[in-house]
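Chemist:
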Amino acid sequence: MDDVTQPPVTLHPSIAPLSYLLGTWRGEGEGGFPTISSFSYGEELHFSALPGKPVISYTQKTWKLNSGEPMHAESGYWRPKSDGAIEVVISQSTGLVEVQKGTYNTQDKIIKLESEQVGNASKVRKINRVFELVNGKLCYVVQMGTNAIALQPHLKAVLKKV
52 MDDVTQPPVT
62 LHPSIAPLSY
72 LLGTWRGEGE
82 GGFPTISSFS
92 YGEELHFSAL
102 PGKPVISYTQ
112 KTWKLNSGEP
122 MHAESGYWRP
132 KSDGAIEVVI
142 SQSTGLVEVQ
152 KGTYNTQDKI
162 IKLESEQVGN
172 ASKVRKINRV
182 FELVNGKLCY
192 VVQMGTNAIA
202 LQPHLKAVLK
212 KV
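In this note's numbering, the protein residues as written are 52 to 213.
This is how it looks when you write it as structure tokens:
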């Protein structure tokens with residue numbers, strides 16, 4: 052059988068500023084909220100470009116560190132704009148759906164997202180996410196607000212590209 056070389060994926064120009072995200076990232080995180088006990092987890096994020104399209108596909112999964120048992124998963128699409136704005140839709144395994152808007156800073160490699168709408172959630176009203184590339188590691192913080200509790204830290208993780 053002949054070895055067939057695949058042509059490189061052609062990135063849409065609007066994806067280029069966030070191309071550092073493309074690939075798989077793994078690491079560990081910590082979570083908590085006033086209504087739940089603190090916890091640690093393993094995590095994998097995957098970002099991939101859709102050839103020639105102005106969108107990045109996103110998947111995420113987490114697991115319990117001690118047992119490997121699955122905890123949470125989500126997937127969606129990130130649409131960066133040439134002016135530094137970004138639109139994100141995320142569907143979670145819990146049934147919750149997020150529509151987020153935000154900004155990205157190419158020089159500092161920081162992405163800030165704020166929920167415009169959280170659907171199918173009885174209690175969650177707001178979710179903010181900040182992603183930052185620090186010394187080659189992808190770090191993020193997620194804040195959450197509910198009907199009864201104002202926006203506050205919920206998750207944080209540090210991931211390495213694999």
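All C-beta atoms in this analysis are idealised placements derived from N, C-alpha and C, irrespective of residue type, glycine included.
Everything numeric in this text was worked out from a predicted model, so none of it was measured.
Should Gln158 be labelled buried (16 or more other beta-carbon atoms within 10 Å of its own) or exposed?
Modeler: exposed
Chemist: On a Cα-Cα basis, can you pick out the residue from Leu202, Phe98 and Asp134 that is closest to Gly74?
Modeler: Phe98
Chemist: Within 10 Å of its beta-carbon, does Pro131 have 16 or more other beta-carbons around it, so buried, or fewer, so exposed?
Modeler: buried
Chemist: For a test of the three-state rule: what should DSSP assign to Ser144, helix, strand or coil?
Modeler: coil
Chemist: Within the chosen definition, does the region 198-205 reach the region 62-74 through at least 3 CB pairs nearer than 8 Å?
Modeler: no
Chemist: Curious, which full-length alpha helix (DSSP H) runs of at least 4 residues does the region 142-193 contain?
Modeler: none
Chemist: On a Cα-Cα basis, can you pick out the residue from Leu62, Leu147, Arg77 and Ala172 that is closest to Tyr191?
Modeler: Arg77
Chemist: On a Cα-Cα basis, can you pick out the residue from Val148, Gly135, His123 and Val213 that is closest to Ile162?
Modeler: Gly135
Chemist: Just checking, does the region 101-109 make contact with the region 82-90 on the three C-beta pairs under 8 Å criterion?
Modeler: no
Chemist: When DSSP labels each residue in this structure, what does Leu72 get in the three-state scheme?
Modeler: Helix, per DSSP.
Chemist: Do you know offhand how far Ala172's Cα is from Met122's?
Modeler: 18 Å
Chemist: If you follow the beta strand (DSSP E) that His97 is part of, which residue opens it and which one closes it?
Modeler: Ile87 to Ala100
Chemist: Buried or exposed for Thr145, going by 16 or more other Cβ atoms inside 10 Å?
Modeler: exposed
Chemist: I'd like to check one pair, Glu95 with Gly80: are the Cβ atoms closer than 8 Å?
Modeler: It is not a contact, given that the beta carbons lie outside the stated cut-off.
Chemist: By the three-class DSSP mapping on this structure, what secondary structure does Ala201 have?
Modeler: coil
Chemist: For Tyr128, which residues from the same chain have a beta carbon less than 8 Å from its beta carbon, with the 5 sequence-adjacent residues on both sides left out?
Modeler: Val106, Ile107, Ser108, Tyr109, Val139 and Val140
Chemist: DSSP beta-bridge partners for Thr67?
Modeler: Inspection of the sequence shows that residue 67 is occupied by Ala rather than by Thr. In the DSSP output, where bridge partners are listed per residue, Ala67 has none listed.
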